[in-house]
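Q: With this note's numbering applied, the sequence shown covers 3 to 415. Glycine is no exception: its CB is placed at the ideal position from the N, C-alpha and C atoms.
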Amino acid sequence: MSSYSYALIGNTWPAGTTTLTYSFATSAVNGNAFSSSITNSTERTEIAAAFATWSTITGIQFVEVADGTTANIRLNFADVESTSAALGQTTLSYAANGITNANSPVILLEDPNETPLVADSTGILYYSQGANSESEDTTFLQLVEHEIGHVLGFADNNDPNSIENASLTSINRGFDGTDLIGALTLYPSFSTGTLPTVTTAVTTAAASATPDVVATSTAASSTSGSTTTAPTLFTLSDNGSTTAVTADSYTGPLGFLPHGDFFSYNGSDNVNIVASSNATNPLIASGSGIDLLQGTATGTSVLDAGTGANIDIDGGNGATTFVQNGYVSGATWDFLQNFHGADEDILFGYIPGLSKLTFTDSAGMGSDYGVTATLLPGNGNSEEVTFVGVTMADLHGAATTVDGVPSWVLWTS
């Protein structure tokens, strides 16, 4: 059994924190001397991307501001590697009620004048080998994401695939289940911190502050003066209430997959969307919350739970296509229930020679354990899929292209 064990420095930002600011430092602070400023636009863009990824899985918004005493986080270059054998260093302080803004937490990144940054043929920035550094292939984005994790309260951990592992190599150029669970647990104002328990066909999703689900329905048709109401095709549960909704038309990127009725939710609430027996070959897509999607008992279903941690259920004996998209920014961990011989799982974003795909024989959370696939596409995103109740001997897969997109497809015997 694999153990996902995130580690903590000692505290988090105070409860209720929704926005943190950061700046590129122009002067030394709290004894931290900077060797040069971060002015390169490519480097600044990658730093913004690193903050955006952490925002996706914590719900905290990160906003760049001009340097000064009001910034929550300050960054700059320093000669870190020559004295510490590391490429980055973060300093912060915390009190009983959380991380404090006294003197601002400071992120020091290895100065490219000391250990050069080099770009590969795709434009990815890597640190070249330093005299004392343990890492030969640490990317700039990877280092920044790791140090931001420290600012959020995470310490180095023992998961080699985690962005917070002390060694930054090709193995952990992205976020995995350890990071996702840690974020969901440490900052529960964004989510429940736990996966929902499936007890009935429709379960009540975790409550969020303000429900923003819009239930769409087909227009009622009029025949000889009478009104015929369209049948309920899906039920949606959000914020403690259940709403019957009918199908909307689909114009998204998965249209090449065989499907009939469609329902989509693009918000961040934790929702349950379940196809009714009236739905024909449904396609269900959700957003960035902790979601539960369930297909029909017969026919075909397509389930795309977006990002975040989700439970996807084959509704019976039909054929279900489960989808995870490595091109969408953020971390994903899906738990596939009732995955059987007629089903398949598509991991979009697997590129041979760039992406890394690993399998753990038994991993998961709560009662949902099984073979777990971890895909690091190579773009800073991560896809984690647990095939509940499935053993390694049952699972098969192959690299392929799906609608022209490099992918990995998995199925059972």
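1) Pop quiz: T72 and T23 are said to be a contact at Cβ under 8 Å. What is the actual Cβ separation, rounded to whole angstroms?
2) Taking the alpha-carbon positions, what's the D347 to W413 distance?
3) Using the Cβ count rule (16 or more neighbours within 10 Å means buried), how would you classify G227?
4) Can you confirm whether the region 63–79 touches the region 393–400 when touching is taken to mean that 3 or more C-beta pairs between the two stretches lie within less than 8 Å?
5) Could you tell me the alpha carbon to alpha carbon distance between P162 and E48, rounded to whole angstroms?
6) Go through its chain and collect everything with a Cβ distance to D113's Cβ below 8 Å, but skip five positions before and after it.
7) Nearest to T140 by CA position, among G155, F156 and E166, is which residue?
8) Which of the three DSSP states is assigned to H342 in this structure?
9) Tell me whether G355 is buried or exposed, calling it buried when 16 or more other Cβ atoms sit within 10 Å of its Cβ.
10) Tell me the DSSP bridge mates of E385?
11) If you reduce the DSSP assignment to three classes, tell me which class F236 lands in.
12) Could you tell me which residues DSSP pairs with F64 in its beta bridges?
13) Cutting at 7 Å between CB atoms, please list the residues of its own chain near T28, excluding the five before and the five after it.
14) Could you tell me the alpha carbon to alpha carbon distance between G343 and Q91, rounded to whole angstroms?
15) Where T212 and S84 are concerned, what is the direct C-alpha to C-alpha distance, given to the nearest angstrom?
16) If distances are taken between C-alpha atoms only, which option among N115, D181, I292 and L285 comes closest to T298?
17) In chain order, what residues of the same chain lie with their CB nearer than 7 Å to the CB of V273, ignoring the 5 residues before and after it?
18) Have a look at A321 and N340 and give me their C-alpha separation to the nearest angstrom.
19) Tell me the rounded alpha-carbon separation between W410 and G351.
20) Quick one: residues in its chain with C-beta nearer than 8 Å to the C-beta of N280, no 5 flanking neighbours on either side, listed in chain order?
21) To the nearest angstrom, report how far apart D271 and N312 are at their CA atoms.
22) Please report the straight-line C-alpha distance between G366 and D314, rounded to a whole angstrom.
A: For this structure:
1) Within the sequence shown, residue 72 is the residue found at index 70, counting from 1. Within the sequence shown, residue 23 is the residue found at index 21, counting from 1. Correct: roughly 7 Å between the Cβ atoms.
2) Here residue 347 is taken as the residue at index 345 of the sequence shown, counted from 1. Here residue 413 is taken as the residue at index 411 of the sequence shown, counted from 1. Their Cα atoms are separated by approximately 7 Å.
3) In the sequence shown, residue 227 corresponds to position 225, counting from 1. Confidence at G227 is low in this model, with a pLDDT of 38, below 50, so the placement of that residue should be treated as unreliable; the coordinate-derived value is given next. Answer is exposed; the Cβ neighbour count stays below 16.
4) In short, these stretches do not touch, since the Cβ pair count stays below three.
5) On the sequence shown, residue 162 is found 160 positions in, with the first residue counted as 1. On the sequence shown, residue 48 is found 46 positions in, with the first residue counted as 1. Cα to Cα, the separation comes out at about 23 Å.
6) The sequence position of residue 113 within the sequence shown is 111, counting from 1. Take D113, set aside five residues on each side of it, and the residues of its chain with a beta-carbon closer than 8 Å to its own are S37, S38, F79, A80, D81 and V82, in chain order.
7) Position 138 of the sequence shown, counted from the first residue, corresponds to residue 140. With distances taken between Cα atoms, T140 lies closest to E166.
8) Along the sequence shown, one-based indexing puts residue 342 at 340. Reduced to three states, the DSSP call for H342 is coil.
9) The residue labelled residue 355 in the question sits at position 353 within the sequence shown. With fewer than 16 Cβ atoms within 10 Å of its Cβ, G355 is classed as exposed.
10) One-based indexing of the sequence shown puts residue 385 at position 383. According to DSSP, which records beta bridges pairwise, E385 is partnered with T334 and L377.
11) Counting from 1 along the sequence shown, the entry for residue 236 is found at position 234. Strand, per DSSP.
12) As a first step, residue 64 must be located in the sequence shown, where it is residue number 62. Within the DSSP bridge table, the entry for F64 names L22 as partners.
13) Taking the first residue of the sequence shown as position 1, residue 28 is located at position 26. Only S39 and D69 meet the Cβ criterion.
14) The sequence position of residue 343 within the sequence shown is 341, counting from 1. The sequence position of residue 91 within the sequence shown is 89, counting from 1. If you take the alpha carbons of G343 and Q91, they lie about 49 Å apart.
15) Locating residue 212 in the sequence shown gives position 210, counting from the first residue. Locating residue 84 in the sequence shown gives position 82, counting from the first residue. Confidence at T212 is low in this model, with a pLDDT of 23, below 50, so its placement is unreliable and no value can be given for it.
16) Working through the sequence shown from its first residue, we reach residue 298 at position 296. Out of N115, D181, I292 and L285, L285 has the C-alpha closest to the C-alpha of T298.
17) By one-based count along the sequence shown, residue 273 stands at place 271. Residues A207, V215, L238, S239, D240, Y267, S288, G291 and D293 of the same chain have their beta carbon placed closer than 7 Å to that of V273, with the five preceding and five following residues left out of the count.
18) In the sequence shown, the residue the question calls residue 321 occupies position 319. In the sequence shown, the residue the question calls residue 340 occupies position 338. In a straight line, the C-alpha of A321 is about 11 Å away from that of N340.
19) Sequence index remark: in the sequence shown, residue 410 carries index 408 (1-based). Sequence index remark: in the sequence shown, residue 351 carries index 349 (1-based). For W410 and G351, the distance between alpha carbons rounds to 8 Å.
20) As a working note, residue 280 is residue 278 in the sequence shown. Non-local C-beta neighbours of N280 in its own chain, meaning closer than 8 Å and more than five positions away in sequence, comprise P233, T234 and L235, ordered along the chain.
21) On the sequence shown, position 269 is the one that residue 271 refers to. On the sequence shown, position 310 is the one that residue 312 refers to. C-alpha separation (whole angstroms): 12 Å.
22) As a first step, residue 366 is located in the sequence shown; it is residue number 364 there, counting from the start. As a first step, residue 314 is located in the sequence shown; it is residue number 312 there, counting from the start. Rounded to the nearest angstrom, the gap between the Cα atoms of G366 and D314 is 14 Å.
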